[in-house]
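Down below is the structure, laid out as structure tokens.
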Amino acid sequence: MAEHFGGFPLGASQFAGGGFVPSPAPGADNAYGGSAQKASRPMSQTMRDVTVRQLISAESSASGDNVFKVDGVELTTFFIVGRIVNRMDSNTTLKLKVDDGTGVMEVVYFMDGDGDLVNPSSRDWVVNSYVRVCGSMRLQDQQKSMMVFNIKLVKDFNEVTYHNLQCIFQHLHLTKGAAAPPAAGPQPVFPASVPAGGGYQGAASAAGHGDMSKLQGDVLSVYSGAIPDTGLHVDEAFSRLAARGMHITRQQVVNAVEALTNDGLLYSTTDDHHHKPTAM
101 MAEHFGGFPL
111 GASQFAGGGF
121 VPSPAPGADN
131 AYGGSAQKAS
141 RPMSQTMRDV
151 TVRQLISAES
161 SASGDNVFKV
171 DGVELTTFFI
181 VGRIVNRMDS
191 NTTLKLKVDD
201 GTGVMEVVYF
211 MDGDGDLVNP
221 SSRDWVVNSY
231 VRVCGSMRLQ
241 DQQKSMMVFN
251 IKLVKDFNEV
261 TYHNLQCIFQ
271 HLHLTKGAAA
281 PPAAGPQPVF
291 PASVPAGGGY
301 QGAASAAGHG
311 DMSKLQGDVL
321 SVYSGAIPDT
331 GLHVDEAFSR
341 LAARGMHITR
351 QQVVNAVEAL
361 TNDGLLYSTT
371 DDHHHKPTAM
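Our numbering applies: residue 101 is where the sequence shown begins, and numbers increase by one.
Here is the structure:
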């Protein structure tokens, strides 16, 4: 008999996603909740891959009306992936119902001040298409819904399997702890290389985000600083980075912002050039 997790078969490929940040072991002083002795500290910022069934069964937290716990850990920013089964447009919002095979969740995407969608890709969010949604949960009239930061159309169904596995991995990691580390072995030695030219040379990754380049980490740090309520313009982000002495081009910053938006770390506000971080 096939095993199940979160309402779906382990072998099924009904989900999509990415951008997961591996968590340390539960109980440690970490972004996934911390130890019991530190339960009174402010809510940590998390980024999780979850199923709709997990959201439906999420427990309310003492931290606030719109704070919920999944696997005993407070949930802030999260990803779901599924098929759009209904779309309803209005003057102020776009409401989608997303079915991931474990349940149906209503996701709410707000229009800008002129009644237009901020994201031009919204025309592709049609019924029966698969999407990866980043957002946070809200409770209104005893009904749970998802406030959207970013929606990405799923084009490669390898993302489906990836999100499926991430949901399982994170659930097991938070409820049963991290796997034992592999036995130490000889470490390969690589020859040192000298970067050519005077352009920006990013490191392989930024601390805390496995797939994030050094440039993306620097860009995210700018958006995480003091920015206007309407978000930071990409030109201002470029200027701030240049003021740090970084030899980069505007296009590199634009590409980094786009990558961070696709990963759910930034979201657009008044237009495609203004963004804010999802975790603030």
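Each residue gets a CB set at the ideal place from its N, CA and C atoms; glycine is no exception.
- With a cutoff of 8 Å on beta-carbon distance, Asn362 and Lys255 are scored as not near each other.
- Of the residues assessed, Pro377 falls on the buried side of the cut-off, its CB having 16 or more other CB atoms within 10 angstroms.
- With fewer than 16 other beta carbons inside 10 angstroms of its own, Ile156 counts as exposed.
- When DSSP states are grouped into helix, strand and coil, Lys314 belongs to the helix group.
- In the three-state reduction of the DSSP assignment, Phe168 falls in the strand class, which pools E and B.
- In terms of CA proximity to Leu360, Ser321 leads the group Val226, Ser321 and Leu175.
- One Cα belongs to Gly317, the other to Arg148, and the distance between them is close to 19 Å.
- About 6 Å separates the beta carbons of Ser229 and Ile184, which is inside the 8 Å limit, making them a contact pair.
- Residues of the same chain with a CB within less than 7 Å of the CB of Ser161, apart from the 5 flanking positions on each side, are Val167, Phe168, Lys169 and Glu174 in chain order.
- In the DSSP assignment, the residues bridged to Ser368 are His375.
- Proximity to Val227 across Tyr262, His373 and Lys195 peaks at Lys195, based on C-alpha coordinates.
- Here DSSP, grouped into helix, strand and coil, assigns Thr275 to helix.
- Judged by DSSP in its simplified three-state form, His333 adopts strand.
- Per DSSP, the unbroken beta strand (DSSP E) holding Thr193 starts and ends at Thr193 to Asp199.
- If you draw a straight line from the Cα of Asn258 to the Cα of Gln242, it comes to about 35 Å.
- The beta-bridge partner set that DSSP reports for Arg187 consists of Leu196.
- Distance from the CA of Ala379 to the CA of Ser324, rounded to the nearest whole angstrom, comes to 8 Å.
- Residue nearest to Ser190 within the set Gln352, Thr177, Tyr209 and Arg232 is Tyr209 (criterion: CA-CA distance).
- Annotated three-state conformation of Asp149 is strand, per DSSP.
- Residue pairing for Asn258: DSSP places it in no beta bridge.
- Looking at the DSSP output, Leu155 bridges to nothing.
- Rounded to whole angstroms, the separation of the alpha carbons of Val353 and Arg344 is 14 Å.
- Residue state for Ser221 is assigned as helix, using DSSP reduced to three classes.
- Nearest in C-alpha terms to Cys234, of all of Ser245, Phe249 and Arg153, is Phe249.
- Cα atoms of Asn186 and Tyr262: separation of roughly 25 Å, rounded to the nearest angstrom.
- When only Cα atoms are considered, Lys244 and His273 end up about 26 Å apart.
- Considering only Lys314, Ala342, Val319 and His375, the residue with the shortest C-alpha distance to Asp329 is His375.
- In the same chain as Leu365, and ignoring 5 residues on each side of it, the C-beta atoms closer than 7 Å to its own belong to Leu320, Pro377 and Thr378, in chain order.
- Taking C-alpha positions only, Ser222 is separated from Asp372 by approximately 13 Å.
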